[in-house]
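For any residue, its number in our numbering is found by taking its place in the sequence shown, counting from 1, and adding 1367.
In this text, a Cβ means the ideal position worked out from N, Cα and C, and glycines have one as well.
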Amino acid sequence: MPDFTPVPIESRRIADDEIGKPAVFGAILSGQPQEIHRNLFDGDHGRFKSGVWQCTPGVVAMRDWPYHEFCVLLSGRVIITPEGGTPREYRAGDALVLPMGFTGTWEILETVRKYYAVQARQPLLRRVKERVKGWLRPGNKGGQAADAQAGAAF
């Protein structure tokens, strides 16, 4: 029988002094952004996830973001610039939707902590298997840096 118990998504699941790993949600353009996340809910056979995420300052280029993502910034500041679009600054208290396919940059000015909810077209494991198959094809030199964003963060 399915469990229909609400799942609290709490920012304290990441300690204030907790250190993350190098950011993998895109290609690092400047700085040394470190990210950490806690998936607190996984539903629809891996197509939907939610939790809390944090990243230190730096600039990261994202290409073809594999999710529809709704997020609420709890702290920090970031300038998000869609490819060919206008930069916009977001700060604590702001909410936004990052549409699937987004290409652009995140310039994290102050460490950002956010609640997120992401929905993918297909389960994470299936996406990862498809990426690995692509990397193993003759002529491929180990994949592209942008491939790291295809599920590595979540």
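Exposed unless 16 or more other CB atoms sit within 10 angstroms - verdict on residue i
{"i": "F1392", "result": "buried"}
{"i": "G1418", "result": "buried"}
{"i": "V1479", "result": "buried"}
{"i": "P1433", "result": "buried"}
{"i": "V1374", "result": "exposed"}
{"i": "E1450", "result": "exposed"}
{"i": "E1377", "result": "exposed"}
{"i": "Q1421", "result": "buried"}
{"i": "V1445", "result": "buried"}
{"i": "A1382", "result": "exposed"}
Cβ separation of residue i and residue j, assumed to be a contact under 8 Å, to the nearest whole Å
{"i": "G1425", "j": "S1397", "result": "6 Å"}
{"i": "P1454", "j": "H1435", "result": "With a Cβ gap of about 21 Å, P1454 and H1435 do not count as contacting."}
{"i": "R1430", "j": "T1470", "result": "5 Å"}
{"i": "Y1457", "j": "L1476", "result": "In fact, because the Cβ distance is near 10 Å, the residues do not count as touching under 8 Å."}
{"i": "P1400", "j": "T1423", "result": "5 Å"}
{"i": "Q1311", "j": "R1405", "result": "Given that the chain is displayed from residue 1368 to residue 1521, the structure contains no residue 1311 and the question cannot be resolved."}
{"i": "V1427", "j": "A1459", "result": "About 19 Å; that fails the 8 Å criterion."}
Opposing strand residues paired with residue i [DSSP bridges]
{"i": "T1472", "result": "A1428 and T1448"}
{"i": "P1389", "result": "Q1401"}
{"i": "R1455", "result": "I1447"}
For residue i, the three-state DSSP class (helix, strand or coil)
{"i": "D1461", "result": "coil"}
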